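Presented below is the structure to which this report refers.
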Amino acid sequence: MRQPFEIGKDRIASGSRRTVDIPVSVLSDHTPVSMSAHVIHGRRDGPTVFVTAGIHGDEVIGVEIVRRLLALKVLGSLKGTLIAIPIVNAFGFLNQSRYLPDRRDLNRCFPGSAKGSLAARLADLLVREVIQRSDVGIDLHSAAIHRTNLPQIRISAGDDESLRLAKVFGAPVILQSSQRDGSLRAAAADLGVKVLLYEAGEGLRFDEFAVRAGVAGTLRILHDLGMVSSRGASKPRGQAMFLKSSRWVRAPQGGLIRVFRDSGDVVVAGEVLGVVSDPFGEKEREVLAPIGGIIIGRAVMPIVNEGDALFHIAQTASAADAEDRMEVLRSDLEGDPIFDEDEII
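If you number the sequence shown the way this note's numbering does, the last residue is 344 and the count never jumps.
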């Protein structure tokens, strides 16, 4: 038997699972707030992996991914330890806000400080209790409100192991992205912990394709690390597109936009992505693709101001190849066996 896993003031025996509440703070009206984690501590040795969501309180896609993941029967024979935290930023989640009550972005406050601001204290708690005790992490995010992202994994340049894990995850796109100061990913890297940053869907909205891609990818990582059996963790038939550069296309004027292309669409340079019109229809400006590539994110609000970011395009080597890969990956997720009803507890 393995030794119990200790987190906060709780001890989880090997071969068991439990939801634990780690105290964070007390609100001004004396309401206690905690960070709740579900720990599955397997009977047999293996890695420790964390899955976090809700770093930004308005990003709910990850909460649903964690919920579905924890309902899978295959976790009943888990090797090692899985720590799943569906809502890190409970303050923001309750208020449907990206931020904490002190108006700080939690993902710019890592590694935090036990004596700092509320955001710094929450970041410090997550680092001490979860991140520094893990081998690998998956941090689940969505776009901010009024934007949506194609499912994608973001990794740093020159990190071969993270690139390998990103390919195992099997999201449609792997995007090379530098680490931001104060982010969970940067703090984990300083501790030698590999973290995959998953971006998909829209703030305050569910997106079935984004959820399925997140669940399937997380399960593939657990299988690759030897923590679960191959049941349900099927390899994607299509390969993820590894893209090194991207750019936002901005509104040429203010007004209302009619969108002609969506996330996941492959476009060519000069293609019309949408048209921005003033409210009277007297002045219209086309929004053109400056480069060829795949749309990995876009704004969903029809009301735009001049200079607003509208379409996020990642450059691809071949439009035909990108279209084929997207079609195969979508087909994989629609027929993935892990989404059969008899696989859920």
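Glycine included, every Cβ here is placed at the ideal spot set by N, Cα and C. Bear in mind the structure is a predicted one, so any value in this text is a computation, not a measurement.
Is the separation between the beta-carbon of residue i and that of residue j shorter than 8 Å?
i, j, result
"Gly-79", "Gly-41", "yes"
"Met-112", "Gly-56", "Per the sequence presented here, residue 112 reads as Ser, with Met not at that position. No, the Cβ-Cβ distance between Ser-112 and Gly-56 is not below 8 Å."
"Ser-262", "Asn-148", "yes"
"Arg-67", "Val-214", "yes"
"Arg-179", "Ala-170", "no"
"Gly-225", "Gly-45", "yes"
"Gly-153", "Glu-201", "Checking the displayed sequence, the identity of residue 153 turns out to be Arg instead of Gly. Against a cut-off of 8 Å, the Cβ pair of Glu-201 and Arg-153 comes out as no contact."
"His-37", "Thr-18", "yes"
"Gly-306", "Val-286", "no"
"Ala-239", "Lys-166", "yes"
"Gly-191", "Phe-109", "no"
"Phe-4", "Ile-130", "no"
"Phe-168", "Leu-124", "no"
"Val-32", "Ala-89", "yes"
"Val-172", "Leu-242", "yes"
"Ala-348", "Leu-332", "Past the edges of the chain, shown from 0 to 344, lies residue 348, and the structure says nothing about it."
"Leu-183", "Ile-54", "yes"
"Leu-93", "Ala-118", "no"
"Ile-293", "Ala-321", "yes"
"Ser-133", "Thr-217", "no"
"Leu-174", "Ser-245", "yes"
"Ala-308", "His-145", "no"
"Gly-253", "Arg-324", "no"
"Ala-209", "Pro-150", "yes"
Opposite residue i in the DSSP bridges: which residues?
i, result
"Thr-47", "Thr-80"
"Pro-22", "Ser-33"
"Lys-193", "Val-135"
"Asp-9", "Ile-6"
"Thr-140", "First, the residue type needs correcting, since residue 140 is His and not Thr in the sequence shown. Glu-198."
"Val-327", "In DSSP, Val-327 forms no bridge with anything."
"Phe-241", "Ile-173"
"Ile-39", "Arg-16, Leu-81"
"Val-399", "What is shown of the chain runs 0 to 344, which leaves residue 399 out entirely."
"Leu-255", "Ser-276, Ile-302"
So is residue i buried or exposed if we call it buried at 16+ other beta carbons inside 10 Å?
i, result
"Ile-220", "buried"
"Ala-156", "exposed"
"Gly-280", "exposed"
"Gln-2", "exposed"
"Met-0", "exposed"
"Glu-326", "exposed"
"Ile-343", "Interpretation of Ile-343 is limited by its pLDDT of 49, a score under 50 that renders its predicted location unreliable; no figure is taken from the coordinates."
"Phe-205", "exposed"
"Glu-128", "buried"
"His-311", "buried"
"Ala-316", "exposed"
"Ile-302", "exposed"
"Gly-334", "exposed"
"Ala-313", "buried"
"Leu-328", "buried"
"Met-34", "buried"
"Val-73", "buried"
"Val-65", "buried"
"Val-25", "exposed"
"Pro-22", "exposed"
Q: Take every Cβ of the region 53-67, pair it with every Cβ of the region 135-142, and state whether three or more of those distances are shorter than 8 Å.
A: yes
Q. When the Cβ atoms of the region 224-236 are set against those of the region 255-269, are three or more pairs found closer than 8 Å?
A. no
Q. Which runs of the beta strand (DSSP E), 3 residues or longer, sit entirely within the region 258-317?
A. 271-276, 283-287, 292-298, 308-314
Q: Could you tell me which uninterrupted beta strand (DSSP E) segments, each at least 3 residues in length, are contained entirely in the region 145-178, listed from first to last along the chain?
A: 146-154, 172-175
Q. Below 8 Å, can you find three or more Cβ-Cβ pairs linking the region 246-253 to the region 99-109?
A. no
(Q) Please give the ranges of any alpha helix (DSSP H) in the region 56-119, keeping only runs that are unbroken, at least 4 residues long and fully inside the region. (A) 60-69, 89-93
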